[in-house]
Amino acid sequence: MSNLDKNLDRLRSSVPSLEIITEGDTLAEKSHDWWVRGRLQRKAGQLTRCGAVVRPADTAEVSALLAWAQETATAVVPFGLGSGVCGAVQTTQDQVVIDMSRMNKLVSVNDKSLTATVQPGMCGRDYEDALAAKGMTMGHFPQSIDLSTVGGWCATRAAGQLSTRYGNIEDMLLGCEVVIPGGKVIRIPEKARAATGPDLKHLFMGSEGTLGVFTELVFRIHPAAQLAKGRAYSLPSVEAGCESFRKIMRAGWTPAVTRLYDAQEAGRTFTIASEGQPVILLRSEGPAALVEVEMQACHDIIVAEGGQDQGEDPVDSWMGHRNSIPDVEDLIGKGISLDTIEVAIGWDRLAELFSKVCEGGIQIDGMLGFSGHVSHCYTQGANIYFTFAGSVASPEEGITLYDRAWNHTMQVTHDLGGTIAHHHGIGRVRKQWLPKELGEAQDVLATLKRALDPKGIMNPGALIDVDD
Ligand SMILES: Cc1cc2nc3c(=O)[nH]c(=O)nc-3n(C[C@H](O)[C@H](O)[C@H](O)COP(=O)(O)OP(=O)(O)OC[C@H]3O[C@@H](n4cnc5c(N)ncnc54)[C@H](O)[C@@H]3O)c2cc1C
Numbered sequence: 008m009s010n011l012d013k014n015l016d017r018l019r020s021s022v023p024s025l026e027i028i029t030e031g032d033t034l035a036e037k038s039h040d041w042w043v044r045g046r047l048q049r050k051a052g053q054l055t056r057c058g059a060v061v062r063p064a065d066t067a068e069v070s071a072l073l074a075w076a077q078e079t080a081t082a083v084v085p086f087g088l089g090s091g092v093c094g095a096v097q098t099t100q101d102q103v104v105i106d107m108s109r110m111n112k113l114v115s116v117n118d119k120s121l122t123a124t125v126q127p128g129m130c131g132r133d134y135e136d137a138l139a140a141k142g143m144t145m146g147h148f149p150q151s152i153d154l155s156t157v158g159g160w161c162a163t164r165a166a167g168q169l170s171t172r173y174g175n176i177e178d179m180l181l182g183c184e185v186v187i188p189g190g191k192v193i194r195i196p197e198k199a200r201a202a203t204g205p206d207l208k209h210l211f212m213g214s215e216g217t218l219g220v221f222t223e224l225v226f227r228i229h230p231a232a233q234l235a236k237g238r239a240y241s242l243p244s245v246e247a248g249c250e251s252f253r254k255i256m257r258a259g260w261t262p263a264v265t266r267l268y269d270a271q272e273a274g275r276t277f278t279i280a281s282e283g284q285p286v287i288l289l290r291s292e293g294p295a296a297l298v299e300v301e302m303q304a305c306h307d308i309i310v311a312e313g314g315q316d317q318g319e320d321p322v323d324s325w326m327g328h329r330n331s332i333p334d335v336e337d338l339i340g341k342g343i344s345l346d347t348i349e350v351a352i353g354w355d356r357l358a359e360l361f362s363k364v365c366e367g368g369i370q371i372d373g374m375l376g377f378s379g380h381v382s383h384c385y386t387q388g389a390n391i392y393f394t395f396a397g398s399v400a401s402p403e404e405g406i407t408l409y410d411r412a413w414n415h416t417m418q419v420t421h422d423l424g425g426t427i428a429h430h431h432g433i434g435r436v437r438k439q440w441l442p443k444e445l446g447e448a449q450d451v452l453a454t455l456k457r458a459l460d461p462k463g464i465m466n467p468g469a470l471i472d473v474d475d
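Under this note's numbering, the first residue of the sequence shown is numbered 8, with each subsequent residue one higher.
Take a look at the structure:
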C-alpha cells in the first residue's frame with residue numbers, strides 16, 4: 008500500500024461524505040491542463056497522472072481536505088475545467104487533484120447593488136447564461152467561456168474579449184472566500200470600496216492554486232447593454248492600427264471590443280475588399296446614446312490614421328465564431344507544433360515589439376507562420392497575442408521549436424520593457440522568466456508562499472519554486 012493510499016484511508020474516515028476517485032479515466036482527464044507543450048510531452052511518452060481526484064461539495068469539505076493535506080504533507084492541485092494553457096496543472100502520482108465541479112451554483116444576485124455570488128466550479132457559460140436570464144451580464148467573455156470556471160478565471164487573472172469596456176477579472180472580483188493550507192476559511196467581504204489596508208483578495212488572484220482554494224466569489228455585474236454596434240476597418244499598417252487605438256484610449260473612449268489583426272491574421276480570418284492589410288474590429292456597447300457617439304468618435308480617429316470602413320460584416324462574423332477552437336490534438340498529430348503567447352507593453356514600444364517578435368520568430372527553423380493581434384487596450388498600452396505554427400518531424404522536434412518560439416518572445420518582450428504575461432498566467436511555461444519580471448518582489452512572493460503554505464502542499468511546480 009502506497010503512502011498516498013494510506014493517507015487517503017485517513018481522509019475517508021475523517022470526511023466520509025467526500026467523493027474520492029482513485030481509478031478510471033477521470034484520473035487521466037484531470038491530471039493536466041490544456042498546455043500544448045504538455046501535449047507534446049505526452050506524445051513523446053512523458054506521462055502525467057495524479058494519484059487521486061477528490062470532489063468536495065462545500066467549503067467545509069475543502070477545509071477538511073486542506074487540513075488533511077497539511078497534516079499528511081500531501082500535495083493538492085485545485086482544478087476548474089483544465090483550460091489553463093500554461094501547464095499550471097501537471098500532476099504526479101503522489102498528488103491529489105481537487106476537482107471543483109460539484110461547487111457549481113449561482114448562489115445569489117443582488118439586483119440593487121449589482122453583485123453576484125457564485126461558487127468557483129461553475130462553468131463560465133452557465134454563469135453568464137444564468138445572469139442573462141435575469142437581464143444581467145458580468146461582461147467577462149474569454150474565448151474559453153465554455154471550457155473554464157469562474158474560480159479558474161480568478162486563479163489565473165483572466166481577461167475577456169470585452170475587457171476594454173468591462174475590465175479584466177481583477178476589476179470584477181469584489182469579495183471572496185478562500186481556504187488556505189491547514190483548512191482555515193478566510194472571508195474577504197465585498198465592499199463598494201474600502202481603505203482597510205492592502206486588498207488581500209489580490210493576493211489570491213493569479214496565485215494559480217499555489218496559496219489556497221477559492222470556495223466562493225462575489226463579482227460586480229451590469230444590466231445587459233441597451234445597444235451594441237460594430238464596425239471593421241482596414242489599415243495601411245500595424246503602426247497605424249496601434250496609433251488608432253492609442254488615440255481612442257487617450258481620448259477616454261472605452262469600446263468593448265478593440266482588436267487589431269496583422270495582415271497575416273486578417274488574411275486568414277476575414278474576407279474584405281482590402282486584402283493584405285491589417286484589420287481593426289471595433290464594437291461599442293452600453294447606453295444607446297453613448298454607443299452612437301463612441302462609434303462616431305472612434306470612426307473619425309481610425310479614418311484619420313488611414314483606416315478604410317469595411318462595414319459591419321467582419322464584426323458580425325467574428326461575433327459568431329469568436330469561441331471556435333482549433334483541434335490542437337489533430338494539428339499535433341499532423342506534425343505541427345503551435346501555440347499562442349500573450350504579452351503586454353506601453354504604447355511607446357507596442358509596434359516595435361509586434362514587429363520584432365514576428366520578424367525574429369519566423370526565422371526559427373521549421374516555422375511556418377508567426378503572427379499577432381492586439382485585443383485588450385488600456386490608456387497606457389495594450390496586449391499582443393502572438394500565434395506561431397511550425398512543421399516538425401517528431402514530438403521531440405515539436406518541443407524544440409516550441410521552446411525556441413517561447414524563448415524568443417519572452418526575451419524580446421523583456422528587452423523592450425514589456426510584461427511576459429497579459430492574461431494566461433505563469434504556470435510552468437513562463438516560470439523561468441518570473442524572477443526577471445518581478446525583481447526583488449519575487450522574494451516577497453516567496454515569503455508569502457512560505458507563510459501561507461509552509462509545507463508546500465499547494466500545487467507545487469506551478470508559478471514559483473520556493474527553496475526549503
Ligand atoms: C481555446 C482557449 C481559449 C482561451 N481563451 C482565454 C481568454 O480569452 N482569456 C483568458 O484569460 N484565458 C483564456 N484561456 C485560458 C484559460 O481558459 C483560463 O486560464 C481560465 O481562467 C482557466 O480556467 P479553468 O477553470 O479551466 O482553470 P484550470 O485550467 O482548471 O486551472 C487553472 C489554474 O487555476 C487553479 N484553480 C482552478 N480553480 C481554482 C480554485 N477554485 N481555487 C484556486 N485555484 C484554482 C488551478 O490550480 C490552476 O493553477 C483560453 C484557453 C483555451 C484552451
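No residue lacks a Cβ here, since even glycine has one placed at the ideal position from N, Cα and C.
Treat the numbers as computed from the prediction; the structure is a model and nothing was measured.
- Per DSSP, the beta bridge partners of Gln97 are His39.
- DSSP lists Ile287, Val381 as the bridge partner or partners of Leu267.
- The shortest CA-to-CA distance from Val225 to any of Gln315, Met145, Gly189, Thr203 is the one to Met145.
- Within the same chain, His421 come within 7 Å of Lys443 by CB-CB distance, once the 5 residues on both sides are set aside.
- Sequence-distant partners of Ala231 (beyond 5 residues in either direction) whose C-beta falls short of 8 Å from its own C-beta, in its chain, are Ala139, Gly142, Met143, Thr144.
- Where Glu349 is concerned, there is no enclosing alpha helix (DSSP H), although the beta strand (DSSP E) around it starts and stops at 343-353.
- Collapsing the DSSP output to three states places Asp472 in coil.
- Short of 7 Å from the beta carbon of Pro63, and not among the five residues preceding or following it, lie these beta carbons of its own chain, in chain order: Leu25, Val69, Leu72, Ile105, Arg109, Met110.
- In this chain, the alpha helix (DSSP H) harbouring Cys249 covers 245-257.
- Here the distance from the Cβ of His431 to the nearest heavy atom of ligand 1 is below 8 Å.
- Apart from the 5 residues on each side of it in sequence, Val419 sits with its Cβ closer than 8 Å to the Cβ of Leu360, Lys363, Val364, Gly367 in its chain, given in chain order.
- Inclusion of Ile343 and Ala396 in the CB contact set at 9 Å is warranted, their separation being smaller than that value.
- DSSP lists Gly293 as the beta-bridge partner residues of Leu234.
- Secondary structure of Val322 (DSSP, three-state): helix.
- In the DSSP assignment, Cys183 falls within the beta strand (DSSP E) that extends over 180-186.
- Closest in C-alpha terms to Ile187, from the list Leu408, Glu319, Leu207, comes Leu207.
- Membership of Ser120 in any beta strand (DSSP E) is not indicated, and neither H nor E is assigned to it by DSSP.
- Note on Ile332: under 16 other CB atoms within 10 angstroms of its CB, so exposed under the neighbour-count rule.
- Counting C-beta pairs with one atom in each stretch, the region 239-253 and the region 75-90 have fewer than three that are closer than 8 Å, which means they do not touch.
- Apart from the 5 residues on each side of it in sequence, Glu272 sits with its Cβ closer than 6 Å to the Cβ of Ser378, His380 in its chain, given in chain order.
- Residue side-chain check: Glu215 places its Cβ nearer than 8 Å to a non-hydrogen atom of ligand 1.
- Taking C-beta separations shorter than 6 Å and ignoring five residues to either side along the sequence, the partners of Thr261 in its chain run Thr171, Arg172, following chain order.
- Judged by beta-carbon spacing, Thr33 lies beyond the 9 Å limit of Gly58, meaning their Cβ atoms are not closer than that value.
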